[in-house]
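Q:
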Amino acid sequence: MQISVSKALLGTAAALSFVASAAVADDWRAWNIHSDGHPNTAAMDLFAELVAEKTGGEVNVEVFHGGVLGTQPDAIEQVQLGAIDVGNFNLGPLGSIVNEANLVSLPFIFRDVDHMFRVLDGPAGEQISTAMGDADLLPIAWFDAGARSFYNNSGPINTPDDVAGMKIRVMNNDLFTGMVNAMGGNGTPIAFSEVYQSLSTGVVDGAENNLPSFQSVGHYEVAGFYSMSEHLIIPECVCVNTAKFEALSADMQAAVVAAAEEAAAFQRELWNEQTQASREAVEAAGVKINQIADKTPFQEAMVPVYENYLAANPDMAELVALAQATE
Ligand code: BDP
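Everything in the sequence shown is counted per the numbering used here, starting at 2 for the first residue and increasing by one.
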């Protein structure tokens, strides 16, 4: 009698635990714009692996690389809607959706990458994260994306005047078109996947990106001058649809965040190695990389960009001041 009772109980417990785990088992689709050989691709693969391990298979992430799920602005929207669950997004194209996130897209706002991470880890970062979470784009880890510099095919850029008259591809954000236009150029938003062709056919004269992306998508083959303007230092997030994340138990949330943080630590290490390796590879392929002796004229050219931006977004003055005051 006793045996059959405990057997029945065991059976019920097993059935319940099956129902419970079936109810919370979650399949997530992840968006990544990069292909094999880029640090973020390796980091997103590691994220998926760690999520499976740390959640005991209750959350499964399938990463779609190479932007096959859509352009970045589209994918950001899809994560907001919950049609894609998670993405590795650059905060540049995200700034037009979440006002606070635009802080990081102001040219020369950060002194270097370490300063950018100190700002993100402080109260300004907290405000940005909260606003992103409220917009259904909850950041659970930050990736390094180095500094972006100009590249083109006609010669080195040493002053803002060298940008004048050039059509330069930028990511989708009015701040970036404004930035190029303030130097007398013509800032043109084009999807990342179309930049190679645009450069090779002369639709644009140049573009701007960090060294790993400049190399990984072959832009160096069609733009032989890379000038170290380092005008934008924009972080990237691993961003999850907020409702999807909040539907997880506290334990599962902690497991997913731990996976993202571990993947981010790995990404930042890889990033530094890849920046050096990409530099060497493009130079070996014949690209001329030039340092810019004095970046002050570029920074001075951004004064109207800041003025216009703050006039249109007075609420952002406090965040800007907070970032600038961060040691
Ligand atoms: C790369 C970013 C990627 C952007 C791309 C671009 O990692 O998210 O889409 O630049 O310029 O560095 O569009």
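Even for Gly, the Cβ is constructed at its ideal location relative to N, Cα and C.
For the alpha helix (DSSP H) that contains S130, what are its first and last residues?
A: First-last of the alpha helix (DSSP H) with S130: 124 to 135.
Q: Could you give the DSSP three-state label for P108: helix, strand or coil?
A: P108: coil per DSSP, three-state reduction.
Q: Ligand 1 and M253: does any heavy atom of the ligand fall closer than 7 Å to the residue's C-beta?
A: Every heavy atom of ligand 1 is 7 Å or more from the Cβ of M253, so no.
Q: For V99, name the three-state secondary structure that DSSP assigns.
A: V99: coil per DSSP, three-state reduction.
Q: What three-state label does DSSP hand K168 in the structure shown?
A: Reduced to three states, the DSSP call for K168 is strand.
Q: Using a Cβ-Cβ cutoff of less than 8 Å, which residues in the same chain neighbour S279 once the five nearest sequence positions on both sides are dropped?
A: If we look at S279 and ignore the five residues flanking it on each side, its Cβ neighbours are L212, P213, F215, Q216, S217.
Q: Where do the N-terminal and C-terminal ends of the beta strand (DSSP E) with P157 fall, by residue?
A: Where P157 is concerned, there is no enclosing beta strand (DSSP E), given that its DSSP letter is neither H nor E.
Q: Under a Cβ-count criterion, where at least 16 other Cβ atoms within 10 Å of its own Cβ denotes burial, should L233 be classed as buried or exposed?
A: Buried, by the Cβ-count rule.
Q: With a threshold of 6 Å on Cβ separation, who are the neighbours of P74 within its own chain once the five nearest residues in sequence on each side are excluded?
A: So the list reads P94, N173, once near-sequence residues are dropped.
Q: Once you ignore the five residues that flank G287 on each side, which residues in its own chain have a CB closer than 7 Å to its CB?
A: Once the five neighbours on either side are set aside, the close Cβ partners of G287 are G225.
Q: Among the candidates E54, V64, I293, whose CA atom is the shortest distance from the CA of F231?
A: Correcting the residue identity first, residue 231 is Glu in this sequence and not Phe. Closest by alpha carbon: I293.
Q: Helix, strand or coil for I141? Go by DSSP, reduced to three states.
A: Residue state, collapsed to three classes: strand.
Q: Exposed or buried, what is G57 when buried is set at 16 or more other beta-carbons lying within 10 Å of its beta-carbon?
A: Exposed, by the Cβ-count rule.
Q: DSSP on T189, reduced to helix/strand/coil?
A: It is a strand residue.
Q: Rounded to whole angstroms, what's the CA-CA distance from M303 to A183? Just pull it up for me.
A: Their Cα atoms are separated by approximately 7 Å.
Q: Given 7 Å as the limit, tell me if S199 has its C-beta closer than that to any heavy atom belonging to ligand 1.
A: Incorrect: S199 has no Cβ contact closer than 7 Å to ligand 1.
Q: Based on Cα-Cα distance, which residue from W32, A312, G38 lies nearest to E78?
A: It is W32 whose Cα lies nearest to the Cα of E78.
Q: What's the call for L139, buried or exposed, on a 16-neighbour Cβ count within 10 Å?
A: It counts as buried.
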